[in-house]
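Shown next, in structure tokens, is the structure this report addresses.
Number of protein chains: 2
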Amino acid sequence: MSLRHALIGLLRERPASGYDLMQIFEKSLHQVWPATKSQVYAELAKLAEAGLIAVTAEGPRGRREYAPTEAGLAELRHWLVEVTPEEHQRSETLLRVFLLGAVDRAQAKEFMLAVRERTLADLARLDALTASIDWDGHGDTDLARYGVIVMEWGRRMMEMTREWSEWGAARIPD
Amino acid sequence: MSLRHALIGLLRERPASGYDLMQIFEKSLHQVWPATKSQVYAELAKLAEAGLIAVTAEGPRGRREYAPTEAGLAELRHWLVEVTPEEHQRSETLLRVFLLGAVDRAQAKEFMLAVRERTLADLARLDALTASIDWDGHGDTDLARYGVIVMEWGRRMMEMTREWSEWGAARIPD
DNA sequence: GAGAACATGTAAAGCGTTACATGATTAA
DNA sequence: TTAATCATGTAACGCTTTACATGTTCTC
Chain X
14 MSLRHALIGL
24 LRERPASGYD
34 LMQIFEKSLH
44 QVWPATKSQV
54 YAELAKLAEA
64 GLIAVTAEGP
74 RGRREYAPTE
84 AGLAELRHWL
94 VEVTPEEHQR
104 SETLLRVFLL
114 GAVDRAQAKE
124 FMLAVRERTL
134 ADLARLDALT
144 ASIDWDGHGD
154 TDLARYGVIV
164 MEWGRRMMEM
174 TREWSEWGAA
184 RIPD
Chain W
14 MSLRHALIGL
24 LRERPASGYD
34 LMQIFEKSLH
44 QVWPATKSQV
54 YAELAKLAEA
64 GLIAVTAEGP
74 RGRREYAPTE
84 AGLAELRHWL
94 VEVTPEEHQR
104 SETLLRVFLL
114 GAVDRAQAKE
124 FMLAVRERTL
134 ADLARLDALT
144 ASIDWDGHGD
154 TDLARYGVIV
164 MEWGRRMMEM
174 TREWSEWGAA
184 RIPD
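Heads up: the protein sequence lines correspond to chains X and W, in order.
Using my numbering, you'd call the opening residue of the first sequence number 14 and step up by one each time.
Using my numbering, you'd call the opening residue of the second sequence number 14 and step up by one each time.
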């Protein structure tokens with residue numbers, strides 16, 4: 014259950030409404046932990062009921078801003094430092110590669126090269142994003158500091174995938 | 014819905030029972046597409062009902078071996094070549110890095126170094142696995158050909174993650 | 001005879017996606 | 001005044017995990 018920790022963590026930076034949090038999920042967090050409105054609003058309600066966050070302000074149109082409570086921050090820190098993350102690498106692309114024996118070699122090679130093309134496009138989009146993000150606008154926030162580290166992972170991942178797809182394509186005989 | 018395609022693809026290599034398929038999921042496919050008994054048996058039933066696989070043999074203890082039908086193979090090929098895979102990178106580790114501002118820098122650095130340690134351990138396990146797999150036992154099967162490409166992705170991914178975790182740790186000031 | 005491995009499932013609960021539903025406020 | 005944006009949710013469905021449940025066959 015990581016969504017709740019993501020929410021507490023974001024609220025720690027600054028109080029926000031469900032609507033605000035959705036913007037963040039769509040923009041910066043989408044590649045790392047996608048979430049939908051339904052999920053966010055439901056989880057906020059649960060977190061408030063559990064006393065891990067609390068309403069700090071109300072605005073127009075029923076807007077409610079939340080901030081983490083002390084209990085919420087304690088739970089976040091506990092999860093960050095003491096709970097070992099478990100990665101379930103579920104990759105549709107790798108699954109397909111695994112099953113590529115079902116099509117002929119020309120098509121398999123085409124698949125690997127299509128992976129390469131998509132990765133190059135992703136890489137271009139990431140570079141554009143990196144250039145466009147106004148980290149200074151955030152000042153010296155923690156999100157800026159650690160956000161850069163996360164984005165660097167994405168960049169390295171894509172570089173690696175591009176090289177791998179070329180290697181893989183070359184490995185399939187004509 | 015990739016599980017059904019995974020199952021058809023595995024059955025294409027050789028007919029198998031749900032029990033056999035679970036062995037495969039636990040051994041070779043776990044890192045790419047984890048699945049549980051409940052899921053596998055349920056999906057086999059659905060696939061059989063949809064006419065994409067069929068029982069080819071029955072054995073002791075109610076054992077039923079399945080093989081894909083022509084319709085199943087067509088569906089698999091269609092999915093492999095014509096449906097663009099969509100990746101939802103959901104990484105608990107990266108989410109934590111993103112939120113690392115909630116703990117002090119020493120702990121954040123410790124976290125990055127713990128990622129490094131875990132990655133090194135994973136890498137050692139992968140190398141051991143690579144050495145232990147008897148690809149020749151499978152002969153020149155497609156799983157051997159493409160399985161190697163998938164494993165190489167894993168290896169490169171781990172190498173990348175190790176380097177990145179060192180880079181990230183160094184980037185956090187004392 | 002006992003224990004391991006083989007073999008198949010059901011049930012419940014939680015997580016995630018998509019579609020539906022409603023209304024208020026602001027800016028052009 | 002009208003369109004965009006702000007703002008919150010509910011409902012239904014499917015996928016995934018965990019726990020429960022049962023019985024057979026083989027090997028030592």
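By construction, the Cβ of each residue, glycine as well, lies at the ideal position given by its N, Cα and C atoms.
- In this structure, X:L42 places its C-beta atom within 8 Å of the C-beta atom of X:A19.
- Shown here, W:A80 sits in a strand according to DSSP, grouped into three states.
- Taking a beta-carbon distance threshold of 8 Å, X:M35 does not count as an interface residue toward chain W.
- At least one CB of chain X lies nearer than 8 Å to the CB of W:A19.
- Pairing X:L60 with X:A80, the inter-Cα distance amounts to about 11 Å.
- Only residues of its own chain outside the window of five on either side were considered, and among them none has a CB closer than 6 Å to the CB of W:A115.
- For a Cβ distance threshold of 8 Å, residue set Q102, R103, S104, L107, L108 and F111 of chain W lies close to X:V45, ordered along the chain.
- When DSSP reads this structure, W:V68 sits in a beta bridge with W:Y79.
- In the DSSP assignment, X:K40 falls outside any alpha helix (DSSP H), carrying neither H nor E.
- Here W:A29 is bridged, per DSSP, to W:Y79.
- DSSP places X:R118 in the uninterrupted alpha helix (DSSP H) bounded by R118 to S145.
- The Cβ neighbour count for W:G22, taken over all protein chains shown within 10 Å, is at least 16; the residue is labelled buried.
- With a cut-off of 8 Å on Cβ pairs, the segment 104-123 of chain W is in contact with the segment 155-175 of chain X, counting three or more such pairs.
- The beta carbons of W:R175 and W:L133 sit closer together than 8 Å.
- Note that the segment 39-54 of chain X touches the segment 93-106 of chain W; at least 3 beta-carbon pairs, one per stretch, sit closer than 8 Å.
- With distances taken between CA atoms, X:G181 lies nearest to X:A119 out of X:G167, X:I146, X:A144 and X:A119.
- W:E56 and W:R17 have their alpha carbons spaced roughly 6 Å apart.
- In this structure, W:R77 sits near W:S30, with a CB-CB distance shorter than 8 Å.
- Considering only W:F124, W:K50 and W:E172, the residue with the shortest C-alpha distance to W:A183 is W:F124.
- Closest in alpha carbon position to W:T69, among W:R90, W:Y32, W:P28 and W:L89, is W:P28.
- Assignment of X:L57 by DSSP, reduced to helix, strand and coil, places it in the helix class.
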